[in-house]
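Visitor: Please find one structure pasted underneath; my questions will follow.
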Amino acid sequence: MRLVVDLNRCQGYAQCAFLAPDVFAMHGDEALLYNPHADDAQREHVVRAAAACPVQAILVEDMGDATAPVREGLSGGR
Amino acid sequence: MDGDGYLEWMRSEGRIVIVGASLAGLRAAETLREEGFTGSLTLIGDEPHEPYDRPPLSKQVLLGTASADRTLLPRRWAIDATWRLGVAATGLDMAAKRVRLADGDEVGYDRLLIATGVHARPWPHETEADLDGVFVLRTRDDAARLQRRLTSARRVLVIGAGFTGSEIASACRERGLPVTVVERAAAPLVGALGGVVGQVAAELQREHGVDLRCGLMVTGLEGDSAGRLRCAHLSDGTTVEADVALVSLGATRNTAWLAGSGLGAGPRGIACDAGCRAFDVRGIVTDDVFVAGDVARSPHALFGYQFLSLEHWGNAVAQAEVAAHNMISSSSERRPHLWVPAFWSSQFGVSIKSVGVPSLGEEILIAQGALAERRFTGVYGYQGRVIAAVTFDQTKWLEFYQRLIEGAAPFPPAFPMVDHRAEGLRPVPADFPDPSLPTHGPSVTLSGYSPTDRRVAFTPGRA
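Line by line, the protein sequences are chains P and Z. Each residue of the first sequence is one higher than the one before, counting from 39 in the working numbering. Each residue of the second sequence is one higher than the one before, counting from 2 in the working numbering.
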């Protein structure tokens with residue numbers, strides 16, 4: 039499962055690191071490191087993490103209906 | 002065919018070719034489909050891989066927590082494209098509207114998007130660059146090779162302490178490898194963030210055990226009899242023994258393939274207007290050639306209409322979306338690319354982020370936090386207005402400063418900030434190198450005493 043985080047948008051709330059700790063991890067206080075190719079077994083966790091991200095910075099491929107808000111969030115860019 | 006009729010035809014049956022199959026190329030392709038383009042779409046990429054994300058290559062991949070061949074970018078939209086991967090574009094015929102490929106093929110277009118990005122500037126001395134153990138890091142193949150080599154490295158030499166070099170040094174230290182960083186400026190990150198912040202970056206590196214040597218250049222790389230890197234010679238006459246050298250001397254724009262095309266393309270990128278349309282060498286804007294991403298150089302209204310060339314992830318996405326939209330829109334519906342520059346880096350456990358154009362800054366004010374705590378917000382001023390901001394582990398404040406930049410707010414800002422310290426009461430010079438002075442001119446040394454045996458040793462400058 040491919041994913042990417044818009045790290046311009048990310049503010050280090052770390053919600054993803056709690057919800058999908060095998061995929062997202064904080065590196066220091068605010069820096070986020072993630073696995074851009076998460077195991078499919080992690081899908082449920084990753085989708086939950088993407089939905090919970092306060093700044094909607096996580097884009098996951100093939101999220102079905104859930105992609106819509108994420109896509110909107112990303113295309114604003116900054 | 003009149004204008005409107007042509008556009009309608011273009012949108013339904015036209016041929017769009019995108020040269021460059023990385024972040025900007027992919028996001029442009031998706032935007033084209035999303036906005037209803039139903040004609041033929043071809044993506045040409047010199048690497049044999051589908052579009053992948055590069056930022057993890059100098060971080061997760063070197064740390065071994067992600068694999069170099071598994072950073073493929075997620076797709077936002079089905080793009081139904083013809084992919085020509087692993088074959089570089091070698092020429093452009095603007096009159097015939099054709100792109101020439103390395104395999105001899107030619108691809109015709111009605112609209113062309115150039116998103117060929119940059120490549121890592123190689124070590125200038127070819128024989129030395131070929132030594133076993135000398136690396137650059139730009140592509141995923143570079144990252145895979147470097148990552149493999151790090152497992153057996155004894156000492157890593159990083160040449161150039163910009164963001165890439167600093168991130169690599171950080172990853173190597175985290176892997177427990179001895180690292181020497183050689184930087185010709187007075188501190189790391191000076192070109193991007195200035196000397197005040199560069200000093201903090203220098204302290205961070207040293208605290209993490211980096212052998213940081215500033216104000217020096219590597220004058221030569223030396224191999225053993227088997228052609229393996231053995232050591233590097235520095236401009237102060239010292240030698241650093243290293244079996245891995247990482248050349249991180251910035252990037253060069255991929256425009257060589259456009260030589261002679263008549264397009265305004267050179268080593269500094271391809272000039273385009275704010276609507277992403279490329280200029281030709283006569284300074285006339287083209288109607289059918291667009292540019293996006295690292296290779297583009299476009300005027301930004303907020304920064305005195307200067308032509309900015311940004312190697313930023315977010316710029317590639319935003320500019321690709323604007324270019325794609327404009328490629329299939331009438332002139333009245335076109336949008337300007339007015340993205341406020343922003344970038345991030347994570348190194349030595351710190352999240353570094355910036356908005357605006359720090360290098361325009363004359364002065365910097367530490368508006369929040371403290372340099373000594375490695376947690377602060379620096380605000381850059383230019384001619385009495387806020388022009389940029391940088392945060393070290395204070396991301397949450399950055400958006401506020403972005404609004405100040407967008408609103409041309411006065412500098413120094415007049416607000417009482419949260420966590421404002423006494424040391425941040427007054428702006429200080431931001432300490433950027435003077436762009437009119439060469440930072441990498443030749444090194445000239447004299448030896449000998451009598452007029453007859455005076456010798457000049459000339460070490461050429463390296464761009």
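Backbone N, C-alpha and C define an ideal beta-carbon position, used for all residues, glycine too. Note that this is a predicted model, so its numbers are computed, not measured.
#1: What would DSSP say about T253(Z), mapped onto helix, strand or coil?
#2: Per DSSP, W84(Z) forms a beta bridge with which residues?
#3: Note down, in chain order, every chain Z residue with its Cβ under 7 Å from the Cβ of Q49(P).
#4: Determine the contact status of H83(P) and A58(P), defining contact as a CB-CB distance below 8 Å.
#5: Quick check on A104(P) - is its C-beta less than 8 Å from some C-beta in chain Z?
#6: Just to confirm my understanding: we take T39(Z), look at its own chain, exclude 5 residues before and 5 after, and list those with CB closer than 6 Å. What are they?
#7: Going by DSSP in three states, L102(Z) sits in which element: helix, strand or coil?
#8: Could you tell me the distance, in whole angstroms, from the CA atom of A154(Z) to the CA atom of Q148(Z)?
#9: In chain P, what lies closer than 7 Å to D54(Z) by C-beta?
#10: Opposite S360(Z) in the DSSP bridges: which residues?
#11: Compare the C-alpha of H209(Z) against each of A172(Z), P300(Z), R146(Z) and name the closest.
#12: With burial defined as no fewer than 16 other Cβ atoms inside 10 Å of the residue's Cβ, what is the status of V282(Z): buried or exposed?
#13: For the stretch 394 to 448 of chain Z, which segments carrying the alpha helix (DSSP H) assignment without a break, of at least 4 residues, lie completely within its bounds, in sequence order?
#14: Is there at least one Cβ from chain Z nearer than 8 Å to E82(P)'s Cβ?
#15: Note down, in chain order, each residue of its chain lying with its Cβ closer than 7 Å to the Cβ of G425(Z), except the 5 sequence neighbours on either side.
#16: According to a CB-to-CB cut-off of less than 9 Å, which residues of the stretch 55 to 79 of chain P neighbour chain Z?
#17: Could you tell me the distance, in whole angstroms, from the CA atom of V197(Z) to the CA atom of D77(P)?
#18: Consider the Cβ of A52(P): report whether some Cβ of chain Z lies at a distance smaller than 8 Å.
#19: Is it a yes or a no for the stretch 263 to 279 of chain Z touching the stretch 125 to 134 of chain Z, going by three-plus beta-carbon pairs under 8 Å?
#20: Run through DSSP, which three-state label would Q307(Z) get?
#21: CB V20(Z) to CB I45(Z), shorter than 8 Å?
#22: R71(Z) touches chain P at which residues, Cβ-Cβ below 7 Å?
#23: Considering only the alpha carbon of each residue, which of Q348(Z), L222(Z), G15(Z) lies closest to E204(Z)?
#24: Nearest by alpha-carbon distance to V419(Z): which of Q395(Z), F433(Z), D47(Z) is it?
#25: CA-CA distance, A79(Z) and E31(Z)?
#26: Whose C-alpha, out of G65(Z), A103(Z), G357(Z), D111(Z), is nearest the C-alpha of A96(Z)?
#27: So V98(P) contacts chain Z; which residues on that side make the cut at Cβ distance below 9 Å?
#28: According to DSSP, what are the bridge partners of K60(Z)?
#29: From the DSSP output, read off the bridge partner residues of L57(P).
#30: Under the three-state reduction of DSSP, which class applies to I169(Z): helix, strand or coil?
Guide: Judging by the given coordinates:
#1: Three-state result, T253(Z): strand.
#2: DSSP, once it has assigned bridges, lists L44(Z) as partnering W84(Z).
#3: By Cβ distance, chain Z contributes T396, K397.
#4: Yes; because the gap between Cβ atoms is below 8 Å, this pair is in contact.
#5: Only weak support is given to the placement of A104(P): the predicted model assigns it a pLDDT of 39, under 50, and the question is left unresolved by the model.
#6: S13.
#7: Of the three classes helix, strand and coil, the one that applies to L102(Z) here is strand, per DSSP.
#8: Cα atoms of A154(Z) and Q148(Z): separation of roughly 10 Å, rounded to the nearest angstrom.
#9: At a beta-carbon threshold of 7 Å, the residues of chain P lying near D54(Z) are V42, P74, ordered along the chain.
#10: Partner(s): none; S360(Z) has no beta bridge.
#11: Comparing alpha carbon positions, the residue from A172(Z), P300(Z), R146(Z) closest to H209(Z) is A172(Z).
#12: Exposed: under 16 other Cβ atoms inside 10 Å.
#13: If one requires a minimum length of 4 residues, the alpha helix (DSSP H) runs lying completely within the stretch 394 to 448 of chain Z are 399 to 407, in chain order.
#14: For E82(P), no CB of chain Z lies under 8 Å from its own CB, so it is not counted at the interface with that chain.
#15: Cβ contact annotation for G425(Z) (same chain, cutoff 7 Å, sequence separation greater than five): L366, I367, A368, in chain order.
#16: Listed in sequence order: A63, H65, G66, D67, E68, A69, L70, L71, Y72, N73, P74, H75.
#17: CA-CA distance, V197(Z) to D77(P), rounds to 43 Å.
#18: No, no contact with chain Z.
#19: Judged by pairs of C-beta atoms under 8 Å, the stretch 263 to 279 of chain Z does not touch the stretch 125 to 134 of chain Z, as fewer than three such pairs exist.
#20: Secondary structure at Q307(Z): strand, using DSSP grouped into helix, strand and coil.
#21: A Cβ-Cβ contact shorter than 8 Å links V20(Z) with I45(Z).
#22: Ordered by position in chain P, the residues that pass the 7 Å Cβ test against R71(Z) are P74, H75.
#23: Nearest C-alpha to E204(Z): Q348(Z).
#24: Residue Q395(Z) is the option with its Cα nearest to V419(Z).
#25: A direct Cα-Cα distance of roughly 7 Å separates A79(Z) from E31(Z).
#26: Of the candidates G65(Z), A103(Z), G357(Z), D111(Z), the one whose C-alpha sits nearest the C-alpha of A96(Z) is D111(Z).
#27: Within chain Z, the C-beta atoms nearer than 9 Å to that of V98(P) come from P75, in chain order.
#28: Per DSSP, none; premise fails for K60(Z).
#29: Answer is none; L57(P) lacks a bridge partner.
#30: Helix at I169(Z).
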